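Heads up, the sequence shown is in the working numbering, so the first residue is 164 and it goes up one at a time. From the three backbone atoms N, C-alpha and C, an ideal C-beta is built for every residue, glycine too. Bear in mind that the values here come from a model prediction, so they are computed numbers and not experimental data. For reference, the structure is listed below as structure tokens.
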Amino acid sequence: MPLRFPARAALACLVLAGSVPCAQAETASWYGSGHRTANGERFAPDGLTAAHRSLPFGTRVRVTYGSRSVVVRINDRGPFIAGRAIDLSRGAARAIGLSGVGRVHLAIL
């Protein structure tokens with residue numbers, strides 16, 4: 164099955180992550196409810212976590228919105244809305260001032 168462009172870009176960033184941070188502009192949103200994440204953890208709305216469709220659980224990603232940034236850990240799958248690349252926990256969204264949907268820069272650390 165061929166990979167879509169965002170998945171290929173994420174995979175390329177993973178390969179490069181050992182040497183140089185790889186940044187890409189993507190659309191982000193946030194979510195604040197749920198009981199368990201896809202990796203089995205209890206969801207912590209005020210934590211610094213995020214959902215991504217293809218990055219491995221535990222991957223750390225720097226999310227920059229305007230001049231503010233936060234490092235999140237991938238622990239869930241999603242978003243399930245077309246055109247969005249990452250869903251931030253409520254705490255991560257608040258940390259960077261994201262109140263709805265916005266364009267962010269992602270860098271895999």
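Here R236 is buried, its C-beta having at least 16 other C-beta atoms within 10 Å. Measuring C-alpha to C-alpha distances from A207 to each of S252, I259, H268 and R257 identifies S252 as the nearest.
Cα atoms of G254 and V224: separation of roughly 15 Å, rounded to the nearest angstrom. Secondary structure note for R236: its beta strand (DSSP E) is the uninterrupted segment R231 to D239. Of the residues assessed, H215 falls on the buried side of the cut-off, its CB having 16 or more other CB atoms within 10 angstroms.
The C-beta distance from T222 to I271 rounds to 6 Å, short enough to fall under 8 Å. Rounded to whole angstroms, V264 and A201 show a C-alpha spacing of 22 Å.
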